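Under full-length UniProt numbering, the first residue of the sequence shown carries the number 1, and numbering increases by one thereafter.
Idealized CB from N, CA, C, for every residue including glycine.
Being a predicted model, the structure only gives us computed values, none of them experimental.
Reading through the structure tokens given below for one structure.
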Amino acid sequence: MPSKTSLGPTSRQQPLRTKRLELVPLTPQHQADLYALDADPAVMRYIGYGKPLSESDSETGLKCLLDLAEDGLGAWAGYAGADFVGWWVLAAAPAQTEAQTQTQTQTQASQAESPPTRSEDSIPTRPPPQTDSPQPQPPTHLVFGLRISPRFWRRGYGTEGTRALFRHAFGALGAEQISGDAMTVNAGSRAAMAACGMTHVRTFHNEYDSPPPGIEEGEVEYRITRGEWEEGEGEGKGV
């Protein structure tokens with residue numbers, strides 16, 4: 001188990017804390033914990049191909065999460081005391097990062113890149129760095145995701161950590177809205193998003209080479225705006 005006190009002094013993220021959780025910036029030291037989640041059939045039932053990942057694929061997923069780290073954004077490992085609970089991620093929405101990339105590329109008088117595709121395991125992707133271009137504005141539309149160990153299911157940890165992320169996003173980062181998605185049949189994830197004040201905004205369908213069982217029902221997107229979050233906080237719904 002990695003030490004929470006020696007996870008690297010150069011992180012561009014800050015730890016987040018709740019009554020029961022400490023969320024620390026994700027590092028390569030968390031590989032074993034992430035693989036334990038990725039290798040669990042119950043955890044992976046509604047993710048990717050609907051089956052456990054190989055250790056190599058899990059390592060690739062960790063690298064994708066680490067690549068998302070930038071000022072205020074990235075992935076966090078969550079702990080309840082010394083116990084690893086799971087991970088959370090907060091990143092710029094793909095459509096927004098694509099628009100920023102196109103603006104930067106047009107400034108350089110080159111053609112815009114094609115839109116990024118949705119990651120198979122719901123890990124957001126980050127556009128390649130641009131050189132000699134205007135400094136992009138901080139993203140205002142964010143996406144989030146999480147993966148929780150089954151031993152902590154139905155105990156409110158997922159919701160508690162997610163609300164900490166939202167408070168950070170709408171407060172320190174000045175975000176205007178946050179989105180998340182799940183398979184339509186994933187009742188647990190949908191209930192968790194609703195518990196955080198998110199609202200179902202659409203159902204959509206994608207095609208996958210090896211679709212997981214239940215994908216024929218589609219996927220759902222949930223969303224919460226700054227105003228909705230602030231109203232909920234004022235009513236005492238936050239952690």
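Asked, Found
"Is the region 37-55 touching the region 158-173 in the sense that three or more CB pairs, one from each, lie closer than 8 Å?", "no"
"According to DSSP, is residue 181 helix, strand or coil?", "strand"
"Exposed or buried, what is residue 89 when buried is set at 16 or more other beta-carbons lying within 10 Å of its beta-carbon?", "buried"
"What would DSSP say about residue 153, mapped onto helix, strand or coil?", "coil"
"Can you tell me the Cβ-Cβ gap for residue 73 and residue 92, rounded? I've got them flagged as a contact below 8 Å.", "7 Å"
"To which residues of the same chain is residue 218 closer than 7 Å at the C-beta, ignoring the five residues directly before and after it?", "184, 203, 204 and 205"
"Below 7 Å CB to CB, which residues in the same chain sit around residue 70 once its five sequence neighbours on both sides are set aside?", "12"
"Expressed to the nearest angstrom, what Euclidean distance is found between the alpha-carbon atoms of residue 19 and residue 209?", "42 Å"
"I need the DSSP call for residue 17, collapsed to helix, strand or coil.", "strand"
"When the Cα of residue 139 is compared with those of 213, 146 and 177, which residue comes out closest?", "177"
"Nearest-angstrom Cα distance between residue 144 and residue 198?", "12 Å"
"Going by C-alpha distance, which of 172, 222, 65 and 170 is nearest residue 186?", "222"
"Count the other C-beta atoms from every protein chain shown that fall within 10 angstroms of the C-beta of residue 85, then say buried if there are 16 or more, exposed otherwise.", "buried"
"Closest by CA to residue 80, which one among 151, 53 and 182?", "151"
"Please classify residue 180 as buried or exposed, where buried requires at least 16 neighbouring CB atoms within 10 angstroms.", "buried"
"If you draw a straight line from the C-alpha of residue 167 to the C-alpha of residue 157, how long is it?", "15 Å"
"Keeping to the same chain, check which residues put their C-beta closer than 7 Å to that of residue 169; ignore five residues upstream and five downstream.", "90, 142, 175 and 178"
"In whole angstroms, what is the alpha-carbon distance linking residue 229 and residue 211?", "34 Å"
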